[in-house]
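Residue numbers (full-length UniProt numbering): 1 to 308.
Right, dumping it as structure tokens:
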């Protein structure tokens, strides 16, 4: 596919369902798993400019449609999952494939507070792109800069201030691949941080269907605005309350269901197709708009083509 074969794994026609938490999705034309940043840079530099590129992480926030993806899906692995904590400066350097939970734990062990990441499913690359947040803290509150590779294969370092980080969004261009990030973390007692994370996990497990096939929160909370004017979800209006009020807690369509435990979680009950999941999501959006006037926005990313 490229003049110089990559050192990483390049697979044609790779079905993606097993790479997503919802376990749905058709094949990608190509799946590329680069060995390291140099391998990724070379691959993108040689890839024709008209071939679409889609980065995915651990698939925790993703619906791949049943017809699959035309283009190249790039999934970072072991060469991109390192975590380093500087105990003096409080700077945490993490590869894009490092799991959010692992970064939180490693930082806490070094007496640095990134506990908001502990219950966020996914990896640092996705957390940066979506400005992930929990318990009132966001990546934007801690991010120093990122390392990325452009669509044409140039490695770049981008300061956080150039990413236009907002509620569940950034200005990172399509086709650019985040390879790592540096975050600033405040000093704190490791034992207290460990206790806080245990409490967060208990709170999550009590309120969310963590043992079901889901992709986390399906819809963004209707955004309010912080004192700085930045849109965020630090207010009382939540997507789940609108869905509940619309009578859709536990609602089913085919093999898809809105969770009984937390109605903003879209579940694959065992035999759902991507079409089932997306159709139920759109039904929820329509019903909430009818009953409350609010237009829910998808937080789960949907990519690819429908089945023929």
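Ideal placement from N, C-alpha and C gives every residue a C-beta, glycine not left out.
Runs of the alpha helix (DSSP H) lying entirely within the stretch 139 to 207 and spanning at least 4 residues, in chain order: 190 to 207.
Per DSSP, residue 10 is one residue of the beta strand (DSSP E) stretching across 9 to 15. Going by C-alpha positions, residue 46 is about 22 Å away from residue 180. In this structure, the alpha-carbon of residue 139 lies about 16 Å from that of residue 108.
Residue range 265 to 268 is occupied by the beta strand (DSSP E) that includes residue 265. Where residue 103 is concerned, the enclosing alpha helix (DSSP H) starts and stops at 100 to 109. Where residue 84 is concerned, there is no enclosing alpha helix (DSSP H), although the beta strand (DSSP E) around it starts and stops at 83 to 85.
Under the three-state reduction of DSSP, residue 18 is assigned to helix.
Counting only runs of 3 or more residues that sit fully inside the stretch 16 to 80, the beta strand (DSSP E) segments are 27 to 33, 53 to 56, 62 to 64, 69 to 75, in chain order. For the 7 Å CB-CB criterion, residue 296 and residue 239 form a contact.
Residue 256 is bridged by DSSP to 253, 268. Annotated three-state conformation of residue 273 is coil, per DSSP. Separation of residue 64 and residue 14 (C-alpha to C-alpha, rounded to the nearest whole angstrom) is 12 Å.
Beta bridge pairing from DSSP links residue 4 with no other residue. Three or more pairs of CB atoms, one per stretch, sit closer than 8 Å, so the stretch 299 to 307 contacts the stretch 209 to 221. Using a C-beta cut-off of 8 Å, the stretch 174 to 191 makes contact with the stretch 77 to 94, since at least three inter-stretch Cβ pairs fall below that distance. Assignment of residue 289 by DSSP, reduced to helix, strand and coil, places it in the helix class. Scanning 129, 134, 130, 159 for the CA closest to the CA of residue 120 turns up 134. Residue pairing of residue 124 in beta bridges, as defined by DSSP: absent, with no partner found. Under the three-state reduction of DSSP output, residue 94 falls in the strand class. Cβ neighbours of residue 101 within its own chain (closer than 6 Å, five residues either side excluded): 118. Counting every other CB atom within 10 Å of its CB across the protein chains shown gives residue 156 a total below 16, marking it as exposed. If you check the CB distance, residue 208 and residue 262 come in under 7 Å. With a contact defined as Cβ atoms closer than 8 Å, residue 248 and residue 285 miss out at about 10 Å. In the three-state scheme derived from DSSP, where H, G and I count as helix and E and B as strand, residue 132 is classed as coil. Rounded to the nearest angstrom, the gap between the Cα atoms of residue 137 and residue 269 is 32 Å. Residue burial annotation: residue 183 is buried, with at least 16 other C-beta atoms found within 10 angstroms of its C-beta.
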